[in-house]
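Note sheet for the following structure.
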Amino acid sequence: MIFPRLLGLNIYQVTCFRQPQKNLDLQKNIQISMSVLRQALDKYGFGGISISFNGGKDALVMLILYFYTLRQYSSEKEGIKMKRIPAIYIQNPYPFSEIEYFVKKCSENYVLDLVYKKSPMKTALKEYLDEYPEIKAVLVGSRRSDPGCSMLKHFDPTDFDWPYCIRVHPIIDWCYSNIWEFLKDLNIEYCSLYDQGYTSIGGTQDTFRNPELQLDHDRFRPAYELIDGHKERLGRKYPLKNY
Numbered sequence: 157m158i159f160p161r162l163l164g165l166n167i168y169q170v171t172c173f174r175q176p177q178k179n180l181d182l183q184k185n186i187q188i189s190m191s192v193l194r195q196a197l198d199k200y201g202f203g204g205i206s207i208s209f210n211g212g213k214d215a216l217v218m219l220i221l222y223f224y225t226l227r228q229y230s231s232e233k234e235g236i237k238m239k240r241i242p243a244i245y246i247q248n249p250y251p252f253s254e255i256e257y258f259v260k261k262c263s264e265n266y267v268l269d270l271v272y273k274k275s276p277m278k279t280a281l282k283e284y285l286d287e288y289p290e291i292k293a294v295l296v297g298s299r300r301s302d303p304g305c306s307m308l309k310h311f312d313p314t315d316f317d318w319p320y321c322i323r324v325h326p327i328i329d330w331c332y333s334n335i336w337e338f339l340k341d342l343n344i345e346y347c348s349l350y351d352q353g354y355t356s357i358g359g360t361q362d363t364f365r366n367p368e369l370q371l372d373h374d375r376f377r378p379a380y381e382l383i384d385g386h387k388e389r390l391g392r393k394y395p396l397k398n399y
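Quick note: to get the numbering used here, add 156 to the position in the sequence shown (first position is 1).
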């Protein structure tokens with residue numbers, strides 16, 4: 157694999173988080189995440205792993221960590237052949253154009269072999285695994301604060317009524333502030349919707365700008381200024397304030 161320069165990031169900058177003055181909680185989470193990714197590579201191999209990428213902030217952090225881990229891994233393991241990174245994008249039925257643009261841009265810049273799927277998630281996963289039977293594990297950017305994710309481990313099989321594979325959750329214990337500290341400190345380009353006040357992005361029919369960031373009728377602070385990470389998903393539930 158040829159590792160291009162990341163968007164706005166020299167890949168070696170990731171090591172800056174090992175410096176003493178950096179957030180110790182984030183340092184620990186980075187080390188754990190990269191250890192999980194290396195375990196996955198040791199067990200399933202590069203060709204047996206796909207990354208689920210939807211253009212969101214969590215998936216982006218996971219992608220950066222995987223990209224960096226792959227660079228280290230390939231330099232240490234002789235004879236390892238890597239091509240484009242296997243990836244799947246399960247599209248929302250009502251996608252934001254900004255997300256579609258960003259996913260395409262990331263696919264190009266992070267050398268993803270990205271497969272687009274428009275089917276519902278379970279069907280899409282079955283189609284993908286049928287088409288690519290070599291894939292045994294899928295990297296998923298879930299965090300413990302996400303709905304239904306509180307009991308997840310770093311490695312979990314899919315539920316009994318789903319197509320079988322291993323779900324790998326490298327950033328399961330990251331908090332909202334960890335995500336934004338990582339992206340902002342490393343100057344990583346992210347989807348423009350986050351600068352418009354969106355903090356959790358789904359489809360256009362169920363996603364609103366977060367009311368906690370609303371300044372007036374049309375102005376919102378960016379997502380990284382949300383202080384209480386527990387309010388991350390308010391834009392998926394409540395209408396905006398009336399001014």
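All residues carry an ideal CB built from backbone N, CA and C; glycine is no exception.
Taking 9 Å as the CB-CB cut-off, is residue i touching chain D?
{"i": "GLY358", "result": "Note that chain D does not occur in the displayed structure, where there is just one protein chain."}
Go ahead and label residue i buried or exposed: buried means 16 or more other beta carbons lie within 10 angstroms of its beta carbon, across all protein chains shown.
{"i": "ARG381", "result": "Note on identity: in this sequence residue 381 is Glu, with Arg being the wrong assignment. When all chains shown are included, GLU381 counts as exposed."}
{"i": "TYR354", "result": "buried"}
{"i": "ARG323", "result": "buried"}
{"i": "ARG299", "result": "buried"}
{"i": "HIS373", "result": "exposed"}
{"i": "PHE252", "result": "buried"}
{"i": "TYR320", "result": "exposed"}
{"i": "LEU371", "result": "exposed"}
{"i": "THR279", "result": "exposed"}
{"i": "GLY164", "result": "With a pLDDT of only 42 at GLY164, under the threshold of 50, the placement of this residue in the model should not be trusted, and no figure is reported."}
{"i": "SER263", "result": "buried"}
Of all the options the options, which has the alpha carbon lying nearest to the alpha carbon of residue i?
{"i": "ILE255", "options": "ILE383, SER356, ASN366", "result": "SER356"}
{"i": "ASN179", "options": "MET277, LYS282, VAL192, PHE338", "result": "PHE338"}
{"i": "LYS239", "options": "VAL259, PRO326, GLN361, LEU268", "result": "LEU268"}
{"i": "ARG389", "options": "PHE364, LYS261, LEU308, GLN370", "result": "PHE364"}
{"i": "PRO367", "options": "LYS213, ALA379, LEU281", "result": "ALA379"}
{"i": "SER189", "options": "ASP341, GLY391, ASP384, ASP329", "result": "ASP329"}
{"i": "SER333", "options": "LEU295, ASP384, LEU371, ASP374", "result": "ASP384"}
{"i": "TYR350", "options": "LEU226, PHE376, LEU371", "result": "PHE376"}
{"i": "MET242", "options": "GLN187, HIS310, CYS331, LYS292", "result": "Note on identity: in this sequence residue 242 is Pro, with Met being the wrong assignment. Considering only alpha carbons, the answer is LYS292."}
{"i": "ILE186", "options": "GLY359, CYS331, ILE244, CYS347", "result": "CYS331"}
{"i": "GLY358", "options": "ASP302, LYS184, VAL294, GLU264", "result": "ASP302"}
{"i": "LEU270", "options": "GLY297, LEU221, ILE246", "result": "ILE246"}
{"i": "LEU216", "options": "GLY391, ASP341, GLY297", "result": "GLY297"}
{"i": "ILE344", "options": "SER231, LEU226, LEU219, GLY391", "result": "LEU219"}
{"i": "THR314", "options": "MET277, LYS237, GLU287", "result": "MET277"}
{"i": "LEU295", "options": "GLY391, ARG392, LEU221, HIS386", "result": "LEU221"}
Any idea which residues DSSP pairs residue i with across the strands?
{"i": "VAL324", "result": "LEU295, PHE311"}
{"i": "PRO242", "result": "ASP269"}
{"i": "VAL187", "result": "A small correction: the amino acid at residue 187 is Gln; Val does not occupy that position in the sequence shown. Paired residue(s): none; GLN187 is not in a bridge."}
{"i": "ILE205", "result": "ALA293"}
{"i": "PHE376", "result": "GLN370"}
Contact check, residue i vs residue j under 8 Å by CB: the rounded distance?
{"i": "TYR266", "j": "PHE223", "result": "6 Å"}
{"i": "ILE205", "j": "LEU197", "result": "7 Å"}
{"i": "GLN361", "j": "TYR257", "result": "Contact doesn't hold; Cβ gap of about 19 Å is too wide."}
{"i": "VAL259", "j": "PHE202", "result": "Not really, about 22 Å apart at Cβ, beyond 8 Å."}
{"i": "PRO326", "j": "LEU182", "result": "With a Cβ gap of about 14 Å, PRO326 and LEU182 do not count as contacting."}
{"i": "ILE335", "j": "LYS261", "result": "Actually they do not touch by this definition, with Cβ atoms about 19 Å apart."}
{"i": "TYR200", "j": "ILE244", "result": "At roughly 15 Å, the Cβ-Cβ gap does not stay under 8 Å, so TYR200 and ILE244 are not in contact."}
{"i": "GLY211", "j": "CYS305", "result": "That belief does not hold up - the Cβ atoms of GLY211 and CYS305 are roughly 19 Å apart, past 8 Å."}
{"i": "TRP318", "j": "LEU281", "result": "7 Å"}
Contiguous alpha helix (DSSP H) assignments of at least 4 residues, all confined to the segment 244-296
253-265, 277-287
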